[in-house]
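Numbering-wise, this note's numbering puts 266 at position 259 of the sequence shown, and it's gapless, one number per residue.
Don't be surprised by glycine CBs; every beta carbon is placed ideally from N, CA and C.
Some notes on the structure that comes next.
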Amino acid sequence: MNREKIIIRTSVIGIVTNVLLAAFKAVVGVIAGSVAIVLDAVNNTSDALSSAITIIGTRIAEKKPDKEHPFGHGRVEYISSVSVAVIILYAGVTALSESVKKILVPRIPDYSPAAIVILVAAIITKVILGTYVKRKGEEAESDSLIGSGKDALLDAVISASTLAAAILFMTTGISTEAWLGAVISLVIIKAGIDMLRESISRILGERTESGFADKIKKTITDFPEVTGAYDLVLHSYGPSMLIGSVHIEIPETMTVSRLAVLEREITEKVMAEHNVVLAGIGIYSVDTENEYAMKIRDEIIAIVMRHQYALQVHGFSLYEEQKKIHFDVIIDYSAPDRESLYEHILGDVKERFPNYELSVVLDADTSE
Numbered sequence: 008m009n010r011e012k013i014i015i016r017t018s019v020i021g022i023v024t025n026v027l028l029a030a031f032k033a034v035v036g037v038i039a040g041s042v043a044i045v046l047d048a049v050n051n052t053s054d055a056l057s058s059a060i061t062i063i064g065t066r067i068a069e070k071k072p073d074k075e076h077p078f079g080h081g082r083v084e085y086i087s088s089v090s091v092a093v094i095i096l097y098a099g100v101t102a103l104s105e106s107v108k109k110i111l112v113p114r115i116p117d118y119s120p121a122a123i124v125i126l127v128a129a130i131i132t133k134v135i136l137g138t139y140v141k142r143k144g145e146e147a148e149s150d151s152l153i154g155s156g157k158d159a160l161l162d163a164v165i166s167a168s169t170l171a172a173a174i175l176f177m178t179t180g181i182s183t184e185a186w187l188g189a190v191i192s193l194v195i196i197k198a199g200i201d202m203l204r205e206s207i208s209r210i211l212g213e214r215t216e217s218g219f220a221d222k223i224k225k226t227i228t229d230f231p232e233v234t235g236a237y238d239l240v241l242h243s244y245g246p247s248m249l250i251g252s253v254h255i256e257i258p259e260t261m262t263v264s265r266l267a268v269l270e271r272e273i274t275e276k277v278m279a280e281h282n283v284v285l286a287g288i289g290i291y292s293v294d295t296e297n298e299y300a301m302k303i304r305d306e307i308i309a310i311v312m313r314h315q316y317a318l319q320v321h322g323f324s325l326y327e328e329q330k331k332i333h334f335d336v337i338i339d340y341s342a343p344d345r346e347s348l349y350e351h352i353l354g355d356v357k358e359r360f361p362n363y364e365l366s367v368v369l370d371a372d373t374s375e
């Protein structure tokens, strides 16, 4: 079953289940006068709406590329995730408002055996549904499905809390309905904020996960002529569309004809093994026969890497006639002051090689 069918089928199952649960809970909650059960029903309704948005977003995202969108429509899934998060937030804020009203004007609930049965059934159903949806979301790499699955598991906890409040009232006469409703509302709001933050982060463009980047670089450096792979940048156009670029380090003696073949082979292998389109491959040539240049490179690497937060040196070139040295340095974004550290590194290298002009690029830490 392809990705689109997995997401749509799973979402339909979620819609049907949540609509049925919402209907049962709403009826029982109104009859029992339980604000917690009613709010639980509202939450199920929002879950059903979230699943519907996931289906719509998936259908749009699977549209073929066109003239206006040559990389496809996959990013629509991120927008649908934001929409789902907004719905969850709205449900949480609305529920909190109603709970506060019940705290100010209390109403004694009247639980029936039917209400208890519905709550128990809801807990079991939500655990099964949440586990299933989350697993399918991970299988299809769908943020919306994963979020819906987590939300369903959270619903199971909420329903269990409601059940505990009902048992407490039935055994002691103490009503915690309104206060429990407020707590449930805050939990729903937090879940919505977390999902919104994650979705916006993906839209803004996240740093490539280092483990995945390392696998791609290893695939590239498995070619005998490639001595290094650097500056891997990946742009996401949806969960199933990654387009990127990379710099490779090769001997400067390589012919243009061999380089053309090598680039094609790398592109095909990365696509086959990692489903990543390498739209561009830059070149760093290395004079492997110049022992003096290699000695200077090794010294510079040692100078740079003794600094905390320095991650990598690459792209080294020595222009002896012009007395010029070029290289790129990567500094961790967690460094307190990257610019200051960069200047300090420049000073140390300049002190060691005062007769050379330095051209040093502070490179971005995209995946190191």
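Query                                                                                                                                     : Result
Beta-ladder partner(s) of His242, from DSSP                                                                                               : Ile250
CB contact flag (Ser155, Ser58, <8 angstroms)                                                                                             : yes
Rounded straight-line distance, which links the Cα of Arg271 to that of Pro246                                                            : 24 angstroms
Stretch pair the segment 185-194 + the segment 94-103: three plus CB contacts closer than 8 angstroms                                     : yes
Delimiting residues of the alpha helix (DSSP H) encompassing Phe219                                                                       : 217-228
Spatial distance of His80 from Ala29 (CA atoms)                                                                                           : 33 angstroms
Buried/exposed call for Ile223, threshold 16 Cβ in 10 Å                                                                                   : buried
Residues of its chain near Tyr363, where Cβ-Cβ distance is below 7 angstroms and the 5 sequence neighbours each way are ignored           : Lys330, Lys331, Ile332
C-alpha distance - Ile352 paired with His314, whole-angstrom precision                                                                    : 8 angstroms
Buried versus exposed call for Gly251 [16 or more other C-beta atoms within 10 Å across all chains shown]                                 : buried
Which listed residue (Val91, Leu161, Lys143) has its alpha carbon closest to that of Lys408                                               : This structure gives no information on residue 408, because the portion of the chain shown stretches from 8 to 375.
Assigned secondary structure, Pro120 (DSSP; H/G/I helix, E/B strand, else coil)                                                           : helix
Cβ neighbour criterion (16 or more within 10 Å) applied to Ala267                                                                         : exposed
Rounded separation between Ile95 and Lys157 - CA only                                                                                     : 12 angstroms
Contact set for Leu365: own chain, Cβ-Cβ below 7 angstroms, skip 5 residues either direction                                              : Ile332, Leu353, Val356, Lys357
Any non-hydrogen atom of the ligand SAH within 7 angstroms of Pro361 CB                                                                   : In terms of ligand content, the structure shown is empty, and the ligand SAH therefore cannot be addressed.
Start-to-end residues for the beta strand (DSSP E) that takes in Tyr326                                                                   : 317-326
6 angstroms Cβ shell around Gly287 - same chain, five flanking residues per side excluded                                                 : Ser252
Coarse secondary structure for Thr339, derived from DSSP in three states                                                                  : Going by the sequence as given, residue 339 is Asp instead of Thr. The answer is coil: DSSP assigns Asp339 none of H, G, I, E or B.
Ala317, buried or exposed, once every other Cβ within 10 Å from all chains shown has been counted against 16                              : buried
Thr262 classed as buried or exposed, judged by whether at least 16 other C-beta atoms fall within 10 angstroms                            : exposed
Cβ shell of Ile174 (< 7 angstroms), same chain only, five flanking positions each side left out                                           : none
Under 8 angstroms between C-beta atoms of Gly235 and Thr228                                                                               : yes
Own chain, CB closer than 8 angstroms to Lys89, minus 5 neighbours either side, in chain order                                            : Here the sequence assigns Val to residue 89, which means Lys is not the residue at that position. So the list reads Leu203, Ser206, Ile207, Ile210, once near-sequence residues are dropped.
Minimum C-alpha distance to Thr215 - residue among Val23, Ile13, Thr373, Val26                                                            : Thr373
Separation of Val124 from Tyr340, as counted between CA atoms                                                                             : 53 angstroms
Reference Gln319; option with closest CA among Leu325, Ile307, Leu249, Arg265                                                             : Ile307
Bounding residues of the beta strand (DSSP E) (the contiguous stretch that carries Ile290)                                                : 283-293
Phe78 (DSSP reduced to helix, strand or coil)                                                                                             : coil
Contacts around Thr183, its chain only, beta-carbon distance under 6 angstroms, and the 5 residues preceding and following it disregarded : Ala172
Span of the beta strand (DSSP E), counted from its first residue to its last, around Asp305                                               : No beta strand (DSSP E) holds Asp305; the alpha helix (DSSP H) holding it covers 298-312.
Beta-bridge pairing of Gly235 - partner residues as DSSP gives them                                                                       : Glu256
Whether Leu126 touches Gly21 by CB criterion (8 angstroms)                                                                                : no
Nearest-angstrom Cα separation, counted from Arg345 out to Ile337                                                                         : 10 angstroms
Status (buried if at least 16 other CB within 10 Å, exposed otherwise) for Thr295                                                         : exposed
Bridge-paired residues (DSSP) for Glu280                                                                                                  : Looking at the DSSP assignment, Glu280 forms no beta bridge with any residue, so it has no partner.
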